[in-house]
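If you read the sequences in order, they're chains S and L.
In this text, residue positions in the first sequence follow numbering that gives the first Met the number 0: the first is 0, and each later residue adds one.
In this text, residue positions in the second sequence follow numbering that gives the first Met the number 0: the first is 0, and each later residue adds one.
Glycine is no exception: its CB is placed at the ideal position from the N, C-alpha and C atoms.
Please read these numbers as outputs of a predicted model, since none were measured by experiment.
There are 2 protein chains.
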Amino acid sequence: MKRRTAFFVSDRTGITAETLGLSLISQFEEVHFTQVTLPFVDSEDKAQEATKRINQAFEADGARPLIFATIIKQDIREILERSHAFYIDYFNTFIGQLEHELETPSTKAIGRIHGMRNTTVYNSRMDAVNFALNFDDGAKTSNYETAEIILLGVSRSGKTPTCLYLAMQFGIHAANYPITEEDLDNDGLPKFLMPHRQKLFGLTIEPERLQTIRQGRRPNSRYSELEQCKREVKAVMKLFHQENIPYLNSTNVSIEELSTKILVISGIERRIR
Amino acid sequence: MKRRTAFFVSDRTGITAETLGLSLISQFEEVHFTQVTLPFVDSEDKAQEATKRINQAFEADGARPLIFATIIKQDIREILERSHAFYIDYFNTFIGQLEHELETPSTKAIGRIHGMRNTTVYNSRMDAVNFALNFDDGAKTSNYETAEIILLGVSRSGKTPTCLYLAMQFGIHAANYPITEEDLDNDGLPKFLMPHRQKLFGLTIEPERLQTIRQGRRPNSRYSELEQCKREVKAVMKLFHQENIPYLNSTNVSIEELSTKILVISGIERRIR
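Quick look at the structure:
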């Protein structure tokens, strides 16, 4: 197997550089990549230090490392470009074209995207995170009118991380309520959910996967028996169908995919930074 | 002010396309951008539909929209390229260069980065999210040996969202403990934290900002008085200095910046996807 080192180099957090680089290297399954992030490379000294590490990887691997860089300042970029590496610079590739298209010079300010550029947007994301925590796992069953979406599903079907992602990434006020056996025995939706029907969204999961997750949490309990998982999943699916609640299967789907699909299906606009 | 519509178009979640596009357009403060994300554009029909929306924006704005696309399939890309827009295609720009550098064809598989490509990595991120919730706000003060980092600070100094971000983005096991007045009166670290000194990391905040946040939570209480906030922040700073605990000021710093700085300072490697 071929081996390369991939460096994600940034003058700020490195989160954009990682996203950029990972989306490209994930297209090369036949190469094994060692991943190194070098954030806060915001001075010539730090650029020299980064170059040293990159050149060391070149020596060790016997092949050019890849650099995925989001560096705004030209003097820092020029130092990195001199290292023994294959250099992809996202800003430098596109910013000139964009300046031309928009007939405006760019501000060349660093830390734009993952900083606190827009306080209002940032605060609303943090509010959404607090909301998700307050309305997690049925902790509050009143005030659901302040929620934009209410996820339903059996315990451990992926509701909590999905709500947190919706909040953190998109600033969405997402509540979640765990459908318990008691709810299922009562046949039909819990009363307090009825006025909020149009906000309900279901998550389901394959019983075998559910059992594995529950087993990690409460091993050898009734809760984590396969039969119990099957029974609950079957009953919750019946509820979703009866009540006409849209749902997704979380078994092999990441919280990123679940969140973005939920927004598409329910027609909620993303509030991006 | 100039106005443009920016489209983030993807065959999957659109999260990468948004990150790419936002990092570029945030460099043009003199242009007002209307932002539209079109995720799951994975068929020719959907590409035609997207093109229609893009062309409508062209008509409405009287200027070419920008498209930031992460589209793998060529037939879909070709449809989008025919719209009246300025088209930036991240994959198409760099994938050929990378194939050449790596002497390997790319797999051209969609949904690589935000899907559940690597189940082990994904599960460890989800474990970390559960960990952050279990060890949030001093909910558990035993078993701290399983934590990689323990954030300390007064109530509402930004500990919880930072822990959740560390978990969700980097798969780090982050606990947090709120330093209360009682702890501060006792002078010194709570006993159960002492064995974990090397994992402690402080967050501080400007008292005025703290007051605003607390005021939103419990208006007109002692908790949200400016004097009270000043007193707590002063005492916690004294504690950080006395105990030699590294700390950051969260006042104007985003959770992305806090998280990445904490990792740099404490020398913890990011576990990226």
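Original post:
Between residue 113 of chain S and residue 122 of chain L, what straight-line distance do the alpha-carbon atoms span, to the nearest angstrom?
Top reply: 25 Å
**OP:** Just list the beta strand (DSSP E) runs in the segment 192-227 of chain S, keeping only unbroken ones of 3 residues or longer that don't cross its boundaries, in chain order.
**Re:** 199-203
Original post:
Which parts of the segment 84-111 of chain S are runs of the beta strand (DSSP E), unbroken and 3 residues or longer, counting only runs that do not cross its ends?
Top reply: 85-88
Subject >> Runs of beta strand (DSSP E) lying entirely within the segment 149-192 of chain S, each at least 3 residues, in chain order >> reply: 173-177
Original post:
Which chain L residues sit within Cβ distance under 8 Å of residue 253 of chain S?
Top reply: 113, 114, 115 and 121
**OP:** Tell me whether the beta-carbon of residue 126 of chain S lies closer than 8 Å to the beta-carbon of residue 71 of chain S.
**Re:** no
**OP:** Could you tell me if residue 51 of chain S is buried or exposed, where buried requires 16 or more neighbouring beta carbons within 10 angstroms of its beta carbon?
**Re:** exposed
**OP:** Would you tell me roughly how many angstroms separate the C-alpha atoms of residue 197 of chain L and residue 96 of chain L, rounded to the nearest one?
**Re:** 44 Å
**OP:** Identify the continuous alpha helix (DSSP H) that holds residue 248 of chain S and give its terminal residues.
**Re:** It is not in any alpha helix (DSSP H) - residue 248 of chain S instead sits in the beta strand (DSSP E) that spans 246-248.
Original post:
According to DSSP, which residues form a beta bridge with residue 25 of chain S?
Top reply: Paired residue(s): none; residue 25 of chain S is not in a bridge.
Subject >> Spatial distance of residue 32 of chain L from residue 4 of chain L (CA atoms) >> reply: 5 Å
Original post:
Since residue 125 of chain L meets chain S, which of its residues come closer than 7 Å, beta carbon to beta carbon?
Top reply: 160
Subject >> Reduced DSSP category for residue 134 of chain L - H, G, I as helix; E, B as strand; rest coil >> reply: coil
Original post:
Could you check where the alpha helix (DSSP H) with residue 259 of chain L kicks off and where it finishes?
Top reply: 254-265
**OP:** Give a yes or no on contact between the segment 128-140 of chain S and the segment 83-91 of chain S, applying the rule of three or more CB pairs nearer than 8 Å.
**Re:** no
**OP:** Starting from residue 3 of chain L, trace the beta strand (DSSP E) both ways and give me its first and last residue.
**Re:** 1-9
Subject >> Contact belief for residue 27 of chain S with residue 63 of chain S at Cβ below 8 Å, rounded distance in angstroms >> reply: Incorrect: roughly 14 Å between the Cβ atoms, too far for contact.
Original post:
Between residue 256 of chain S and chain L, is there a C-beta pair that is closer than 8 Å?
Top reply: yes
Subject >> Contact check, residue 161 of chain S vs residue 257 of chain S, beta carbons under 8 Å >> reply: yes
**OP:** Please report the residue range of the beta strand (DSSP E) in which residue 70 of chain L lies.
**Re:** Per DSSP, residue 70 of chain L belongs to no beta strand (DSSP E) and is neither H nor E.
**OP:** State yes or no: is the C-beta of residue 101 of chain S within less than 8 Å of the C-beta of residue 30 of chain L?
**Re:** yes
Subject >> Nonlocal neighbours in the same chain, by C-beta distance under 7 Å from residue 236 of chain S, ignoring five residues either side >> reply: 203
Original post:
In whole angstroms, what is the alpha-carbon distance linking residue 141 of chain S and residue 193 of chain S?
Top reply: 12 Å
Original post:
Would you report the Cα separation of residue 243 of chain S and residue 249 of chain S, rounded to the nearest angstrom?
Top reply: 18 Å
Subject >> chain L within 8 Å of residue 278 of chain S, Cβ atoms only >> reply: The question about residue 278 of chain S has no answer here: the residues shown for chain S are numbered 0 through 272.
Original post:
If we ignore side chains and look at the alpha-carbon of each, how far apart do residue 39 of chain L and residue 268 of chain S end up?
Top reply: 15 Å
Original post:
Taking the C-alpha atoms as reference points, what is the distance between residue 171 of chain S and residue 214 of chain S?
Top reply: 31 Å
**OP:** Measure from the C-beta of residue 269 of chain L to each C-beta in chain S and report whether the shortest distance is under 8 Å.
**Re:** yes
Subject >> C-beta neighbour in chain S for residue 47 of chain L, strict 8 Å >> reply: no
**OP:** Using a threshold of 8 Å, state whether the C-beta atoms of residue 87 of chain S and residue 109 of chain S are closer than that.
**Re:** no
Original post:
How would you write the range of the beta strand (DSSP E) that residue 36 of chain S sits in, first residue to last?
Top reply: 30-37
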